[in-house]
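Throughout, the working numbering is defined as the position within the sequence shown, counted from one, plus 67. Notes follow the structure.
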Amino acid sequence: NASAPVIVLVSGRGGVGKTSVVAAMASAAASWGMRVAACDLDLTCGNLYSCFGMDGPADLGVLALPNPPTTEELCACGRPAAERVTLWGPCERPEMADVISTHVERLLEAVRERNDLVLVDTGTTFTDATAQAVQLCDRLVLVVDGRPGSVAAQARLGSLAVRLGVARTRIARLANRCDRRGRGE
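Here's what the structure looks like:
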């Protein structure tokens with residue numbers, strides 16, 4: 068029983084389009100018939116849900132239970148975002164992020180057993196939740212744009228990922244050239 072690949076997108080800076088790329092990847096994979104788990108690990112300010120027209124997050128704050136959540140509880144806090152796409156995260160109340168970050172590895176392990184693909188959106192800062200996802204991922208995608216500082220942010224994140232044990236062969240760079248701020252149309 069093979070588990071789904073986990074693809075984590077990071078950037079180290081805001082506005083490069085990580086969230087939009089995750090939503091597009093989830094939609095494309097779902098159109099191919101795959102069951103997709105989309106996890107928004109920008110636990111305090113994530114908005115992946117808005118890309119799917121949802122009215123709010125699939126609140127991971129419900130995992131702040133007196134006892135560690137079961138696999139069923141971890142999986143049950145996901146919400147349908149689109150056909151064959153289920154969304155987990157972020158926290159509806161940002162102050163819950165530290166509590167929830169301790170459950171990220173177990174959450175990703177649980178959803179990868181029940182889906183064909185797991186896509187992880189992250190925030191601009193490298194939190195404990197992001198570090199856990201990066202260490203667990205099959206592929207790490209560094210999303211960059213053409214703005215000043217993008218290459219330096221990519222280099223810092225790539226070095227950090229390697230220090231966390233991610234093989235360089237599992238790291239890819241994605242240059243997002245769909246910058247609405249830089250286009251006239």
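In this text, a Cβ means the ideal position worked out from N, Cα and C, and glycines have one as well. Just so we're clear, the structure is a prediction, and the values are computed from it rather than from any experiment.
| Check | Outcome |
| --- | --- |
| Closer than 6 Å by C-beta to F193: which residues in its own chain qualify, once you throw out the five before and the five after it? Chain order, please. | none |
| Run the CB neighbour count on D122, radius 10 Å, all protein chains shown included, and call it buried at 16 or more, exposed below. | exposed |
| Could you please give me the residues that DSSP links to P147 through a beta bridge? | T153 |
| Identify the residues that DSSP records as bridge partners of I238: which are they? | L207 |
| With the cut-off set at 8 Å, would you say L76 and V208 are in Cβ contact? | yes |
| Quick one: Cα of C158 to Cα of L231, how far? | 25 Å |
| First and last residue of the alpha helix (DSSP H) that includes C118? | L115 to C118 |
| Counting C-beta neighbours from all protein chains within 10 Å, is the total for P161 16 or more, i.e. buried, or is it exposed? | exposed |
| Which term fits N132, buried or exposed, when burial requires 16 or more other beta carbons within 10 angstroms of its beta carbon? | The sequence shown places Leu at residue 132, not Asn. By the 10 Å Cβ count, L132 comes out exposed. |
| Our contact map puts L108 next to A200 with C-beta atoms below 8 Å; I'd like the distance itself, whole angstroms only. | 6 Å |
| For the putative contact between G156 and P124, defined by C-beta atoms under 8 Å, what is the C-beta separation to the nearest angstrom? | 6 Å |
| Identify every residue that forms a DSSP beta bridge with A125. | G156 |
| Sorted by chain position, which residues of the same chain lie with C-beta nearer than 6 Å to A93's C-beta, five sequence neighbours on each side aside? | V103, A105, V152 and L186 |
| Taking the Cβ atom as the reference point for each residue, do V210 and G84 lie within a distance shorter than 8 Å? | yes |
| Compare the Cα-Cα distances from L175 to each of C144, R244 and T191 and report the closest residue. | C144 |
| Is the Cβ-Cβ distance between E150 and A97 less than 8 Å? | yes |
| Suppose contacts are defined by Cβ-Cβ distances below 8 Å. Is A71 in contact with R179 by that definition? | yes |
| Taking the continuous alpha helix (DSSP H) assigned at A219, which residues delimit it? | S217 to R230 |
| For my contact list, G79 and R214 are in at a C-beta cut-off of 8 Å; report their separation, rounded to the angstrom. | About 12 Å; that fails the 8 Å criterion. |
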